[in-house]
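Please read the structure below before turning to the comments.
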Amino acid sequence: DGGITQSPKYLFRKEGQNVTLSCEQNLNHDAMYWYRQDPGQGLRLIYYSQIVNDFQKGDIAEGYSVSREKKESFPLTVTSAQKNPTAFYLCASSMSRLSYNEQFFGPGTRLTVL
Amino acid sequence: DQQVKQNSPSLSVQEGRISILNCDYTNSMFDYFLWYKKYPAEGPTFLISISSIKDKNEDGRFTVFLNKSAKHLSLHIVPSQPGDSAVYFCAAAKGAENAGGTSYGKLTFGQGTILTVHP
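In structure tokens:
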């Protein structure tokens, strides 16, 4: 079945450590996105990539980094510079950067900083 | 600056009745709007969308209305069912013309409205 997978579902990290969240899609989508969800704030865009080897900052990119070496993979690193990393992280993808298609979301990763 | 706003954090409706979820936006450049439904600890799933060239789009029990002059859209669910209980997000996108066509990708989301449908 085609879809988006995120792993792990729950992740715990000690303060000061970097951590990488995985996102893989087998939908052959060009574009991929990372969002963060906090209570009462909806989804905020962290980074997005419209094509392999290219990505742009979203609205809240500080303290995060990404790479897009393969079409199907868009890992997100939460660095120690991110002041409030505890949140629910969602990865999404959409078919093409050239015409609008709705974004499909993965199941999410809940990151807790201890 | 919250460009897409859902001013009602929650809505409670009786099964069989109509649910109306509202969304306001401030950026007049937005020309494509979507509604997503989200259950706890899961990713959002797409429900329905509408382009700015329309004022209504219907899909089964779900209808989205767009009032461009008021910069307002709403999602109507009729009849409401207990399984509709979830968080509903509206989202907006603006198109950008380029050599290959129109690019939309980036979505701006509202804060979400928790819908509870009572049996």
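From first to last, the protein sequence lines stand for chains A and B.
Under this note's numbering, think of the first position of the first sequence as 1, with each following residue one higher.
Under this note's numbering, think of the first position of the second sequence as 1001, with each following residue one higher.
No residue lacks a Cβ here, since even glycine has one placed at the ideal position from N, Cα and C.
Query raised in the report: Which value, in whole angstroms, describes the spacing of the CA atoms of Q195 of chain A and Q1111 of chain B?
Result: With chain A running from 1 to 114 in the structure shown, residue 195 of chain A is simply not present.
**Report entry** Straight-line Cα distance separating T79 of chain A from Q17 of chain A
**Finding:** Those two C-alpha atoms are separated by around 7 Å.
Query - Range covered by the beta strand (DSSP E) that runs through M32 of chain A - result: Taken as a continuous stretch (DSSP letters only), the beta strand (DSSP E) holding M32 of chain A covers A31 to D38.
Query raised in the report: Taking only beta-carbon atoms, is K1106 of chain B less than 9 Å away from chain A?
Result: For K1106 of chain B, the answer is yes, since a Cβ of chain A falls inside 9 Å of its Cβ.
Query raised in the report: Under the three-state reduction of DSSP, which class applies to D1084 of chain B: helix, strand or coil?
Result: Here D1084 of chain B sits in helix by DSSP.
Query raised in the report: G42 of chain A lies in the beta strand (DSSP E); which residues open and close that run?
Result: Where G42 of chain A is concerned, the enclosing beta strand (DSSP E) stretches over G42 to I51.
Query - First through last residue of the beta strand (DSSP E) which encompasses S67 of chain A - result: The continuous stretches of beta strand (DSSP E) do not include S67 of chain A, and DSSP gives it neither H nor E.
Query raised in the report: Is the distance from the Cβ of V1004 of chain B to the Cβ of Y1036 of chain B below 9 Å?
Result: At the C-beta level, V1004 of chain B and Y1036 of chain B stay beyond 9 Å of one another.
Query raised in the report: Relative to the C-alpha of D30 of chain A, which residue among A:R68, A:D38, A:Y10 and A:L45 is closest?
Result: Of the candidates A:R68, A:D38, A:Y10 and A:L45, the residue whose Cα lies closest to the Cα of D30 of chain A is A:R68.
Query raised in the report: If you pair each beta-carbon of the stretch 1060-1075 of chain B with each one of the stretch 1037-1049 of chain B, do three or more pairs fall below 8 Å?
Result: Contact between the stretch 1060-1075 of chain B and the stretch 1037-1049 of chain B is present, because at least three Cβ pairs lie under 8 Å.
Query - Whole-angstrom distance between Q37 of chain A and Y10 of chain A, CA atom to CA atom - result: Using only the alpha carbons, I get a separation of about 14 Å.
Query raised in the report: In three-state terms, what does DSSP make of V60 of chain A?
Result: The displayed chain sequence assigns Ile, not Val, to residue 60 of chain A. Of the three classes helix, strand and coil, the one that applies to I60 of chain A here is coil, per DSSP.
Query raised in the report: Should the stretch 77-95 of chain A be called in touch with the stretch 1080-1092 of chain B, which here means at least 3 C-beta pairs below 8 Å?
Result: As far as the Cβ criterion goes, the stretch 77-95 of chain A does not touch the stretch 1080-1092 of chain B, which means the pair count is below three.
**Report entry** Any C-beta of chain A under 9 Å from that of F1030 of chain B
**Finding:** It does not: the Cβ of F1030 of chain B has no partner Cβ on chain A nearer than 9 Å.
Query raised in the report: Who are the Cβ neighbours of K1056 of chain B in its own chain at under 8 Å, not counting the five residues just before and after it?
Result: Same-chain partners within the cutoff: I1050, T1063, V1064, F1065 and L1066.
Requested in this report: Drop a sphere of 10 angstroms on the beta-carbon of L114 of chain A, count the other beta-carbons inside from all chains shown, and report buried for 16 or more, exposed for fewer.
Outcome: The residue is exposed, with fewer than 16 neighbouring Cβ atoms inside 10 Å.
Query raised in the report: What first and last residue would you give for the beta strand (DSSP E) that runs through A87 of chain A?
Result: Taken as a continuous stretch (DSSP letters only), the beta strand (DSSP E) holding A87 of chain A covers A87 to S94.
Requested in this report: May I ask you to list, following chain order, the residues of the stretch 1038-1049 of chain B that have a beta carbon less than 8 Å from some beta carbon of chain A?
Outcome: Going along the stretch 1038-1049 of chain B in chain order, one finds A1041, E1042, G1043, P1044, T1045, F1046 and S1049 with a Cβ nearer than 8 Å to chain A.
Report task. Give a yes or no on whether 9 Å exceeds the smallest Cβ distance from F1089 of chain B to chain A. Result -> Interface residue, yes.
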